[in-house]
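S.K.: From first to last, the protein sequence lines are chains A and B. Quick note on numbering: the working numbering labels position 24 of the first sequence as 24, and the sequence is numbered without any gaps. In the working numbering, each number is its position in the second sequence, counted from 1, plus 1000. No residue lacks a Cβ here, since even glycine has one placed at the ideal position from N, Cα and C. Note that the structure is predicted; figures quoted are calculated from it, not measured. Provided herewith is a single structure, encoded as structure tokens, for subsequent inquiry.
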Amino acid sequence: MAKNEKRRGILALAVTKLMYSMDITLQNRLRQKVGYRIEQLDGELLLYHLQEERVIYCNTTASLIWQLCDGQRTLAELIALLREAFPEASETLAADVTAAAQQLLDAGCVQLT
Amino acid sequence: MNTVVVNFAGSTIAIEYSGERAAHIIAWLFRAIPHNSQQPPQQTYRLTAEDDMAAISLHHDDTRCYHSQSPGDIAEYLMGEICCRLAERSQGGLLLHAAGVAWQGCGIILPGATGSGKSTLSAYLLTQGWIYLTDELVFIPWNADGCQAFPRPLQLKTPAREMFGPFWGTSHQAQPCLHACASDLISPARVQTPDFSYTTPIHCIIFPGYASDHPLQIQRLSQAQCGLMLMQCLANARNLPEHGFPEIVRLARSIPAYRLIYGMFTQAQEAFERILSEILPLPESKELRE
Chain A
1 MAKNEKRRGI LALAVTKLMY SMDITLQNRL RQKVGYRIEQ LDGELLLYHL
51 QEERVIYCNT TASLIWQLCD GQRTLAELIA LLREAFPEAS ETLAADVTAA
101 AQQLLDAGCV QLT
Chain B
1001 MNTVVVNFAG STIAIEYSGE RAAHIIAWLF RAIPHNSQQP PQQTYRLTAE
1051 DDMAAISLHH DDTRCYHSQS PGDIAEYLMG EICCRLAERS QGGLLLHAAG
1101 VAWQGCGIIL PGATGSGKST LSAYLLTQGW IYLTDELVFI PWNADGCQAF
1151 PRPLQLKTPA REMFGPFWGT SHQAQPCLHA CASDLISPAR VQTPDFSYTT
1201 PIHCIIFPGY ASDHPLQIQR LSQAQCGLML MQCLANARNL PEHGFPEIVR
1251 LARSIPAYRL IYGMFTQAQE AFERILSEIL PLPESKELRE
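What follows is the structure, encoded as structure tokens:
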């Protein structure tokens, strides 16, 4: 994970106002929300929800996290997994992943289980 | 009652008109657009003179939607209506809110919402010798790499009308300009416009943004970033399978895209030259710089 990829994980366009205001915790489990058409472009994701008319852009960081949101892992376990894969980024990894996960939740493309 | 039928991007709109003043407005607005009366219109407007002959009324579905004594105001309002209505029923491809310009067959589209500065930037580029395609609507048929442009009159809003209006002057015999309350309309006949039926190849997508005194900023966009921004400019999404998303992705994968922030128009010219030098083979880009 690139160290210079900061907390700007998501840029979301939503026709409907997003209602999520819950702060995510390390014990939360995140699951991809169903109904998104997924396109992978050069390591980034573009998600489109037909019914909600919402398109979401995920950079490489957010794309990786989104793909790991299977509803089984807690956020703490997700951070641990990524820390193993990217040891060079361990300093800021927890904060970056938490921020990106919060953004995914706020954007409405993942949900808490 | 005479009728002109505007067919573009899978939509067909008829405008019925009577009287000399209405006929003049219709001829001025739609001279660059072929009139195809073979397809039945999906919507109809009617342009007629008021009883006192001083004002002209515009009706849509038997409801008067606008009237004015000013031909410029009528023309501006009617063209705005036409652009909106074209989007309502458009299908068969992507209809983008975008300006379009070309340089020696190299097409660049400039997507952006209304008020983002597309027309003003287009006007500046025309003064530098670029070809005018459109300042509002670009249609990309399915699986095409080229676009069809809606050659509406170039619309100069304040302050663009003060900056660029004198460039076109008033000496042209075909009356280059109609003055409306909020803008000046420059006839497509007055600017260089290719044959309407010509599909211009798209070599580049540039999302322009003007910010006063801002240093020039050129950002090469990723494919996903381009796709996101194109979806924001898609005018006929709800008429398309999957709201046009797969086709937007196809476009984003195949055409280089940039975000441009500029504080002066000379910066924009510099940016266009730099971008073209990146994407075009050397002889074409060298010719541009010369």
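Where does W1103(B) fall in DSSP's three states?
M.R.: Locating residue 1103(B) in the second sequence gives position 103, counting from the first residue. Reduced to three states, the DSSP call for W1103(B) is strand.
S.K.: Distance check for V1191(B) and R37(A), CA to CA, integer angstroms please.
M.R.: Reading the first sequence from its first residue, position 37 is the one you call residue 37(A). Reading the second sequence from its first residue, position 191 is the one you call residue 1191(B). Those two C-alpha atoms are separated by around 42 Å.
S.K.: Using only alpha-carbon positions, find the residue among Q67(A), Q72(A), L93(A) that is nearest to I79(A).
M.R.: Within the first sequence, residue 79(A) is the residue found at index 79, counting from 1. Minimum Cα distance to I79(A) is reached at L93(A).
S.K.: Using 8 Å as the limit for Cβ to Cβ distance, is H1172(B) near chain A?
M.R.: Within the second sequence, numbered from 1, the residue matching residue 1172(B) stands at position 172. Unreliable positioning characterises H1172(B) in this predicted model, as indicated by a pLDDT of 43, which lies under 50. The coordinate reading is nonetheless provided below. No, no contact with chain A.
S.K.: From G1080(B) to L1086(B), what does the alpha carbon distance come to, in whole angstroms?
M.R.: Along the second sequence, one-based indexing puts residue 1080(B) at 80. Along the second sequence, one-based indexing puts residue 1086(B) at 86. Spanning the two alpha carbons is a distance of roughly 10 Å.
S.K.: List the residues of chain A that M1231(B) touches, going by C-beta distances under 9 Å, in chain order.
M.R.: Mapped onto the second sequence, residue 1231(B) falls at position 231. Per Cβ cutoff of 9 Å: L13, L46, Y48, V55.
S.K.: What do you get for C1065(B), buried or exposed, if any count of 16 or more other CB atoms within 10 angstroms of its CB means buried?
M.R.: Mapped onto the second sequence, residue 1065(B) falls at position 65. Exposed: under 16 other Cβ atoms inside 10 Å.
S.K.: Within the stretch 5-89 of chain A, note down every full alpha helix (DSSP H) run reaching 4 residues or more, in order along the chain.
M.R.: Runs of the alpha helix (DSSP H) inside the stretch 5-89 of chain A: 60-68, 75-85.
S.K.: Considering only residues of the same chain and omitting the five flanking positions on each side of H1179(B), which have a CB-CB separation below 6 Å?
M.R.: Counting from one through the second sequence, the residue named residue 1179(B) turns up at place 179. G1072.
S.K.: Kindly list the residues whose CB is nearer than 6 Å to the CB of H1243(B), restricted to its own chain and excluding five residues on each side of it in sequence; keep chain order.
M.R.: As a working note, residue 1243(B) is residue 243 in the second sequence. The residues are A1237.
S.K.: Rounded to a whole number of angstroms, what is the C-alpha to C-alpha distance between V110(A) and W66(A)?
M.R.: For this step, residue 110(A) is matched to residue 110 along the first sequence. For this step, residue 66(A) is matched to residue 66 along the first sequence. Taking the straight line from one Cα to the other gives about 8 Å.
S.K.: Within 10 angstroms of its Cβ, does Q1173(B) collect 16 or more other Cβ (buried), or is it exposed?
M.R.: For the purposes of this step, residue 1173(B) is taken as the residue at position 173 of the second sequence. Because the pLDDT of Q1173(B) is 42, which lies under 50, any placement of that residue in the model is unreliable, and the number read from its coordinates should be weighed accordingly. Its Cβ having fewer than 16 others within 10 Å, Q1173(B) is exposed.
S.K.: On a CA-only basis, which of L1280(B), I1275(B), R1259(B), T1044(B) is nearest Q1116(B)? Give me that one, please.
M.R.: The residue given as residue 1116(B) occupies position 116 in the second sequence. Reading the sequence as shown, one finds Ser at residue 1116(B) and not Gln. The shortest Cα separation from S1116(B) among L1280(B), I1275(B), R1259(B), T1044(B) belongs to R1259(B).
S.K.: Can you give me the C-alpha to C-alpha distance between R1046(B) and T1003(B), rounded to a whole angstrom?
M.R.: What you label residue 1046(B) is simply residue 46 of the second sequence in a count that begins at 1. What you label residue 1003(B) is simply residue 3 of the second sequence in a count that begins at 1. Going from the Cα of R1046(B) to the Cα of T1003(B) covers about 9 Å.
S.K.: Going by DSSP in three states, R1021(B) sits in which element: helix, strand or coil?
M.R.: Reading the second sequence from its first residue, position 21 is the one you call residue 1021(B). Helix.
S.K.: Find out if the Cβ-Cβ distance for the pair A1009(B), G1146(B) is shorter than 8 Å.
M.R.: Position 9 of the second sequence holds residue 1009(B). Position 146 of the second sequence holds residue 1146(B). Not a contact, by the Cβ cut-off of 8 Å.
S.K.: Within the 8 Å Cβ cut-off, does S1222(B) reach chain A?
M.R.: Position 222 of the second sequence, counted from the start, is the residue given in the question as residue 1222(B). Taking Cβ atoms only, chain A reaches closer than 8 Å to S1222(B), which makes this a yes.
S.K.: Give me the Cα-Cα distance between E91(A) and L104(A), rounded to the nearest whole angstrom.
M.R.: In the first sequence, counting from the first residue as 1, residue 91(A) sits at position 91. In the first sequence, counting from the first residue as 1, residue 104(A) sits at position 104. Looking at the two C-alpha atoms, the distance is approximately 22 Å.
S.K.: In angstroms, rounded to a whole number, what distance separates the CA positions of A1055(B) and L1078(B)?
M.R.: Position 55 of the second sequence holds residue 1055(B). Position 78 of the second sequence holds residue 1078(B). In a straight line, the C-alpha of A1055(B) is about 14 Å away from that of L1078(B).
S.K.: Specify, as a first and last residue, the run of the beta strand (DSSP E) that S1068(B) falls within.
M.R.: For the purposes of this step, residue 1068(B) is taken as the residue at position 68 of the second sequence. Note, S1068(B): beta strand (DSSP E), 1063-1068.
S.K.: Flag G1227(B) as yes if its beta-carbon sits less than 8 Å from any beta-carbon of chain A, otherwise no.
M.R.: Taking the second sequence and counting its residues from 1, the one referred to as residue 1227(B) is at position 227. Yes, because at least one Cβ of chain A sits closer than 8 Å to the Cβ of G1227(B).
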